[in-house]
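Q: Let me begin by handing over the structure; questions about it come next.
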Amino acid sequence: MTANRTGAPTSEEYRKAVSAILRQLQKSLSFNDRQLAEQLGCSAGTIRNAKTEATSLDPLLLLTIERQFGPGAIDRCLHLAQSRAVGLPERMTGVDPILALVEALHRLVEAQAVDSEGGKRITRHELSKILPELRQGRAALDALISRADSK
Numbered sequence: 002m003t004a005n006r007t008g009a010p011t012s013e014e015y016r017k018a019v020s021a022i023l024r025q026l027q028k029s030l031s032f033n034d035r036q037l038a039e040q041l042g043c044s045a046g047t048i049r050n051a052k053t054e055a056t057s058l059d060p061l062l063l064l065t066i067e068r069q070f071g072p073g074a075i076d077r078c079l080h081l082a083q084s085r086a087v088g089l090p091e092r093m094t095g096v097d098p099i100l101a102l103v104e105a106l107h108r109l110v111e112a113q114a115v116d117s118e119g120g121k122r123i124t125r126h127e128l129s130k131i132l133p134e135l136r137q138g139r140a141a142l143d144a145l146i147s148r149a150d151s152k
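Numbering of the sequence shown is given in our numbering, commencing with residue 2 and proceeding in unit increments.
This is the structure in structure tokens:
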């Protein structure tokens with residue numbers, strides 16, 4: 002899925018991205034359409050229609066997903082604008098940013114170990130297993146950068 006680089010993203014690209022986001026959420030949470038709908042405050046039909054790309058998902062539901070599941074949850078959609086979400090520093094309260102970065106790096110080193118699934122090459126499967134730590138590390142780095150940029 003790539004954004005149309007010479008113009009605006011298409012409805013088809015948007016629907017594919019939203020479908021992928023919903024499917025990933027359901028997989029990671031072990032939720033069916035009804036359970037995800039309850040979590041997001043919409044109907045199971047809304048989830049089903051968005052997953053099958055029959056309709057476009059209301060952008061307010063995308064914002065709800067990002068807010069509930071954190072920065073990066075809707076990056077597939079934001080990728081269409083060649084962008085990504087960055088959490089505000091307030092989201093990192095109670096989290097030691099250095100520890101979050103070290104944890105992400107540690108998990109990457111483990112995934113790249115010779116005796117890991119992909120050996121020295123990190124596989125997509127290995128990355129998907131450590132995605133929460135990667136996102137937390139990225140959020141920590143973004144929070145530190147934001148603090149440095151603030152006046």
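For glycine and all other residues, C-beta sits at the position ideal for the given N, C-alpha and C.
The model shown is predicted, which means the values in this text are computed figures rather than measured ones.
(1) Apart from the five residues just before and just after Ile99, which ones in its own chain have a Cβ nearer than 6 angstroms to its Cβ?
(2) Do you know how far the Cα of Ala144 is from the Cα of Lys152?
(3) Among the residues of its own chain, which have a CB less than 7 angstroms from the CB of Glu54, if the five just before and after it don't count?
(4) Drop a sphere of 10 angstroms on the beta-carbon of Met2, count the other beta-carbons inside from all chains shown, and report buried for 16 or more, exposed for fewer.
(5) With 16 other CB atoms within 10 Å as the buried threshold, where does Gly138 fall?
(6) With distances taken between CB atoms, is the gap from Cys43 to Leu23 smaller than 7 angstroms?
(7) Beta-carbon within less than 6 angstroms of Glu14's beta-carbon, same chain only, minus the 5 sequence neighbours each way: which residues are those?
(8) Near Val87, what residues of its chain come up, given a Cβ to Cβ distance below 7 angstroms and the 5 sequence neighbours on each side ignored?
A: Based on what the coordinates show:
(1) none
(2) 14 angstroms
(3) Arg16, Lys17 and Ser20
(4) No answer about Met2 holds up, because its pLDDT of 47 lies below 50 and its placement is not dependable.
(5) Burial call: buried.
(6) no
(7) Hits under 6 angstroms: Leu81.
(8) Pro72 and Asp143
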